[in-house]
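The sequence shown maps to residues 218 to 691 in my numbering.
Quick reminder that beta carbons are idealized off the backbone N, C-alpha and C, glycines included.
Notes to accompany the following structure.
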Amino acid sequence: MSDNSSSSYTVFTGKRVLLDSASQVGPATIFVDAAGKVARIDASYNPAGAALDAGDKLLMPGIVDGHVHINQPGRTQWEGVVTASHSAAAGGVTTIIDMPLNCIPSTVTVDAYEEKRESFRDGMWVDVGTWGGVVPGNAQDLGGMLDAGARGFKCFLCESGVDEFPPVNEEQLREAMQELKKKNGLIMFHAEMDTGAQVDGESDPTEYNTFLGSRPPTMEVKAIDLVIEMCREFAPHVPCHIVHLSAADALPAIRAAKAEGLPLTVETCFHYLTINAEDVPARSTEYKCCPPIRSKANRDQLWQAVLDGTIDFVVSDHSPCTPDLKLHPCCGGNIPVSAVEGDFVKAWGGIASVGIGLPLLWTEGRSRGLTFQDIVRLICERTAVHSGLRDRKGRIAVGMDADFVVWAPEQENCITADKLHFRNKLTPYQERACVGLVHQTVVRGTTVYDISNQDKFSAEPHGQWLDTPITPRD
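Right, here's the structure in full:
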C-alpha cells in the first residue's frame, strides 16, 4: 500500500474539484508522485501541507487544445513555441497539439517532424505534440511519421493559404488513406471545396459580408459529403475528423453518418460559438478566418449540436499572423502600397485565441445550459481522446498526468492586452468582457502559471514533447 503521509507526494486540494465529466463538483485532495502522475485521490478538503490550495475556486483537468498553429520553425514572427505555450498556460491549457502547416518546412516528412521537435526543445511551458500533414505525393511518409509520434494527419480539400501545404484531390486522398489503413491512422479534413463562388467585384472589400459571400456554406457541405463517402469506404480502419466546422447546413449529413456508425468526429471553435457575422465591424480583419464566422442563426444551431453531442469537442484553431498580413488599420505604414486597409478579401485568415477559450465558452454557454461537466467533456476529455492521449490527459484519475487548471468561474474578466501572451495581440476578443478567470495551471504536478506571482510563469519550461504511442480513440 502507498504511504498515506503527504510527505512523499506533492499535494493539491480544493473545496470544488471536478475529476471528470461524469463526476460531481466536491472536495478532494490529490496526491501527485515524483513522476508527475496522480497517485491517490481522497474525497476530502485537506489544505494542511498542500502545495496548492484552490479553496473555493474550481479545480478541474487541464485543457487539451488539439488545434493550434505554433508556426515554428520558419514563421516565428507569427508565433513561436514559447509565446504559444505561455498563452496556453495562462488559460489553463496544459496540452497543445500543433498543426502541420504554416511552419517551414511543413510537417509532411519524418525529417520535418524531427526538425520541429528539435526546434521546440527547451521552449515548452506546457506539453506539446504535433499533427502530420497529407499533401500530394507524401503517402509513403505517413507510416514513418506515425511511428515517430505524429498524432494523426491533416489535409486540405481547397487551397490552404500557404504554398508549402497544397491540397489533395480524391485520388491522392485515397492513396493516403490506403497507407493510414495499415496503422488505423487518423485523418483530419479542412472541409471546404470549390463550388464556383466568387467575390462580388461590386461590393466593398472592407465590409465583412463581401468576404462571407465568397465562402458559402455549400463549400463545407460539398466537402463534408466527400469526407463521409471516404470515411464509409475505409471504415472502420481510418478514423476521419472534420476540423473547425462552421456551417450548420452540414449537420444533417453529419448526424446521419454518426447514426450509421461511421468513425467520424467533428470539432468546432470558440469563435464560431461566440461571434455573429452580423456584429463584425468594417475593416476589422482580425475576425477573418476560413471557413468564416457565420450568422447568429447558424451559431445557435452549432450550439445545439455541441450540447447534443453531434459536435464532439471545441478547440481554438489559434492561427495568428503579423498585423501587416491582416492588412489591419493598426499597422499604419506597414500595409503594402498595393493593398487596401481593412480588406477582408485579401487579408490573411485566422483567429488568435489560444489560452482564452475557457472564459469565452463558459460565458456564452452557461446561459444555454452548459455545465462544468460539459466543459470537461468538450475541451479536456474528448480532445485528449482525439489526440490519442486518453491514458494520460483530460481527466483527473489515478495514473493520469497531474494536469490541472484552477479557475474562478464567477469572477468577472476582461480580455485586455496584458492578459494576451501570444506573440501578436491582434484578436477579435480584445476588451471582451466575460466571466471566468484562470488563477493557476499545473502540468504534471508543477505549477507553470500562477496569476498571483509577479512573473506569473515558472522560471523554467516544464513541457514535454508528446510522442507516446497513440491510445484508442473510441
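If you drop the 5 nearest sequence neighbours on each side, which residues of the same chain put their C-beta closer than 8 angstroms to that of residue i?
| i | result |
| --- | --- |
| Arg338 | Trp682 |
| His458 | Gly369, Leu403, Ile404, Met405, Phe406, Leu481, Thr482, Val483, Glu484, His603 |
| Tyr330 | Thr324, Thr347, Gly349, Met362, Ala365, Gly366, Ala367 |
| Lys398 | Phe451, His454, Val455 |
| Ala470 | Val438, Ile441, Asp442, Ile445 |
Compute the Euclidean distance between the alpha carbons of residue i and residue j, then round it to the nearest angstrom.
| i | j | result |
| --- | --- | --- |
| Asp421 | Arg516 | 25 angstroms |
| Asp380 | Leu374 | 14 angstroms |
| Asp315 | Ala267 | 34 angstroms |
| Leu462 | Val483 | 7 angstroms |
| Gly559 | Gly350 | 31 angstroms |
| Arg661 | Ala499 | 44 angstroms |
| Phe428 | Val562 | 5 angstroms |
| Lys371 | Pro322 | 15 angstroms |
| Asn221 | Ile258 | Below a pLDDT of 50, predicted positions are generally treated as unreliable, and Asn221, at 47, falls in that range; no measurement from the model is reported. |
| Glu437 | Val249 | 45 angstroms |
| Pro383 | Asp442 | 21 angstroms |
| Gly283 | Thr312 | 8 angstroms |
| Pro487 | Thr580 | A small fix is needed here, since residue 487 is Phe in this sequence, not Pro. Those two C-alpha atoms are separated by around 11 angstroms. |
| Pro540 | Pro508 | 20 angstroms |
| Ala625 | Gly231 | 12 angstroms |
| Gly586 | His679 | 36 angstroms |
| Gly653 | Pro576 | 5 angstroms |
| Thr423 | Ser240 | 48 angstroms |
| Glu677 | Glu503 | 32 angstroms |
| His303 | Glu419 | 44 angstroms |
| Ile492 | Ala251 | 43 angstroms |
| Val615 | Phe621 | 13 angstroms |
| Gly360 | Asp684 | 14 angstroms |
Ends of the beta strand (DSSP E) at residue i?
| i | result |
| --- | --- |
| Val666 | Reading off the sequence shown, one finds Tyr at residue 666, where the question assumed Val. Element bounds for Tyr666: 663-667. |
| Ile435 | Before going on, a small fix: residue 435 reads as Thr here, not Ile. Thr435 -> not in any beta strand (DSSP E); alpha helix (DSSP H) instead, spanning 434-451. |
| Pro244 | 243-249 |
| Gln703 | Residue 703 falls outside the range modelled here, since the chain spans only 218 to 691, and no answer is possible. |
| Gly366 | Segment: none, Gly366 is in no beta strand (DSSP E) and carries neither H nor E. |
| Ile459 | 457-459 |
| Thr230 | 227-234 |
| Gly346 | 344-347 |
| Val532 | 530-532 |
| Val483 | 481-486 |
Using a 10 Å radius around the Cβ and a threshold of 16 neighbouring Cβ atoms, would you call residue i buried or exposed?
| i | result |
| --- | --- |
| Glu627 | exposed |
| Ser219 | In this prediction, Ser219 has a pLDDT of 40, which is less than 50 and means its spatial position is unreliable; what the coordinates show is noted afterwards. Its Cβ having fewer than 16 others within 10 Å, Ser219 is exposed. |
| Arg607 | buried |
| Ser669 | exposed |
| Glu629 | exposed |
| Gln657 | buried |
| Ser238 | buried |
| Asp667 | buried |
| Asn355 | buried |
| Lys513 | exposed |
| Glu396 | buried |
| Cys631 | exposed |
| Ser570 | buried |
Hey, quick one: how far does the alpha helix (DSSP H) through residue i stretch, first residue to last?
| i | result |
| --- | --- |
| Asp603 | A small fix is needed here, since residue 603 is His in this sequence, not Asp. It spans 599-603 - the alpha helix (DSSP H) in which His603 sits, taken as one unbroken run. |
| Trp520 | 513-525 |
Excluding five sequence neighbours on each side, which residues of the same chain lie with their C-beta closer than 6 angstroms to the C-beta of residue i?
| i | result |
| --- | --- |
| Phe229 | Ile247, Leu269 |
| Asp358 | Thr326 |
| Ala601 | Val281, Arg607, Lys610, Gly611 |
| Asn288 | Trp295, Glu296, Asn319, Cys320 |
| Ile568 | His488, Cys506 |
| Gln414 | Just to set this straight, residue 414 is Ala in the shown sequence, not Gln. These residues qualify, in order along the chain: Ser431, Pro433. |
So, does the CB of residue i fall closer than 8 angstroms to a CB anywhere in chain D?
| i | result |
| --- | --- |
| Lys563 | Reference to chain D is not applicable here, since this structure consists of a single protein chain. |
Once the 5 residues before and after residue i are set aside, which same chain residues still bring their CB inside 7 angstroms of it?
| i | result |
| --- | --- |
| Val532 | Asp282, Gly283, His284, Glu484, Cys486, Thr600 |
Which residue spans inside the stretch 253-327 form an unbroken alpha helix (DSSP H) run of at least 4? 298-307
3-residue-minimum beta strand (DSSP E) runs that sit fully inside the stretch 371-438, ordered along the chain: 404-407
My parser needs the beta strand (DSSP E) runs of 3 or more residues fully inside the stretch 611-635; what are they? The DSSP assignment places complete beta strand (DSSP E) segments of no fewer than 3 residues inside the stretch 611-635 at 621-632, in order along the chain.
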